[in-house]
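Heads up, the final residue of the sequence shown is numbered 315 in the numbering used here, and it's a clean run with no missing numbers.
The beta carbon of each residue, even a glycine, is placed where N, CA and C say it ideally should be.
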Amino acid sequence: MTKAFRISYNRIVREIKTDAVIIPPAALLNYSKPVEVNAAAIWDTGATRTAITNKIVRLLDLKPIGKAIVFGVNSKAIVNRYIVDIRLPNEILVSNCEVLGSDFSSPGVDLLIGMDIIQKGDFAISNVDGKTTFSFCIPPLKPPIDLFEKSKE
Numbered sequence: 163m164t165k166a167f168r169i170s171y172n173r174i175v176r177e178i179k180t181d182a183v184i185i186p187p188a189a190l191l192n193y194s195k196p197v198e199v200n201a202a203a204i205w206d207t208g209a210t211r212t213a214i215t216n217k218i219v220r221l222l223d224l225k226p227i228g229k230a231i232v233f234g235v236n237s238k239a240i241v242n243r244y245i246v247d248i249r250l251p252n253e254i255l256v257s258n259c260e261v262l263g264s265d266f267s268s269p270g271v272d273l274l275i276g277m278d279i280i281q282k283g284d285f286a287i288s289n290v291d292g293k294t295t296f297s298f299c300i301p302p303l304k305p306p307i308d309l310f311e312k313s314k315e
């Protein structure tokens, strides 16, 4: 069954932000800590992997499952990897996501959604009449969205 959501802005935006909930997988829950954390998420097609801030790691008392090397525009770092479930708008649940722990520089944002999640569905941005509309669905629709063909109509 396909689940989807749409976020509409009343202007053209430079960042796509949504609400999300980060949840430790059920087998790892430590009930002395919160069982889920609300987070502001930014969607980044330039990021290959999804990341959470170290603040979220501490709040959920997550334990690393290993390390990863992360390459930025002008940097390289070794960071911890974690497993979490992520609930997106309209109750879309992405389970057992491997995420990276990082302190990225987007104020107020604790979740960076990368291509590892985006590629699981269809991702569309439209900028009609000076307003941005963003939509996402999992799993991808059939037939696929084809803007080239639509432009011929």
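Whole-angstrom C-beta distance between residue j and residue i, which should lie under 8 Å
i: Ala182; j: Ala203; result: 4 Å
i: Val241; j: Val235; result: No, Val241 and Val235 are not in contact; Cβ-Cβ is about 16 Å, not under 8 Å.
i: Ala286; j: Ser268; result: Not confirmed; about 22 Å, so no contact.
Of the listed residues the options, nearest to residue i (C-alpha basis)
i: Gln281; options: Val290, Ile184, Ser268 and Pro306; result: Pro306
i: Asp291; options: Asn200, Ser257 and Ser170; result: Ser170
i: Pro226; options: Arg176, Val175, Leu262 and Ser313; result: Leu262
i: Asn289; options: Pro251, Pro186, Asn172 and Thr210; result: Asn172
i: Lys293; options: Ala166, Phe266 and Glu177; result: Glu177
i: Cys264; options: Glu198, Arg243 and Asn258; result: The sequence as given places Ser at residue 264; Cys does not occur at that position. Cα-wise, what sits closest to Ser264 is Arg243.
i: Val271; options: Lys217, Met163, Thr164 and Leu309; result: Lys217
i: Ile185; options: Gly228, Glu253 and Ala239; result: Glu253
i: Lys179; options: Leu224, Pro251, Ser237 and Pro302; result: Pro251
i: Asp223; options: Arg211, Val197 and Ala201; result: Val197
i: Asn258; options: Phe266, Ala239 and Asp278; result: Asp278
i: Arg211; options: Leu309, Phe266 and Ala166; result: Phe266
i: Leu322; options: Arg168, Val219, Glu315 and Pro187; result: With the chain covering 163 to 315 only, the question about residue 322 has no answer from this structure.
i: Lys256; options: Gly276, Glu315, Arg168 and Val175; result: The residue you asked about is not Lys; residue 256 is Val in the sequence shown. Closest by alpha carbon: Gly276.
i: Val246; options: Leu221, Lys238, Ala239 and Ser237; result: Leu221
Coil, strand or helix - residue i by DSSP
i: Phe233; result: strand
i: Asp284; result: strand
i: Glu260; result: strand
i: Ile275; result: strand
i: Phe298; result: strand
i: Asn172; result: coil
i: Ile204; result: strand
i: Phe310; result: helix
i: Lys304; result: coil
i: Val197; result: coil
Identified DSSP bridge partners for residue i
i: Glu177; result: The partner list for Glu177 (beta bridge, DSSP) is empty, contrary to what the question assumes.
i: Arg249; result: Val183 and Leu255
i: Arg243; result: Gly228 and Leu262
i: Val290; result: Lys293
i: Ala166; result: Cys299
i: Ala213; result: Leu262 and Leu274
The ligand HEM heavy atom lying under 7 Å from the CB of residue i
i: Asn236; result: Only the bare structure without any ligand can be found here, which leaves the ligand HEM out of the picture.
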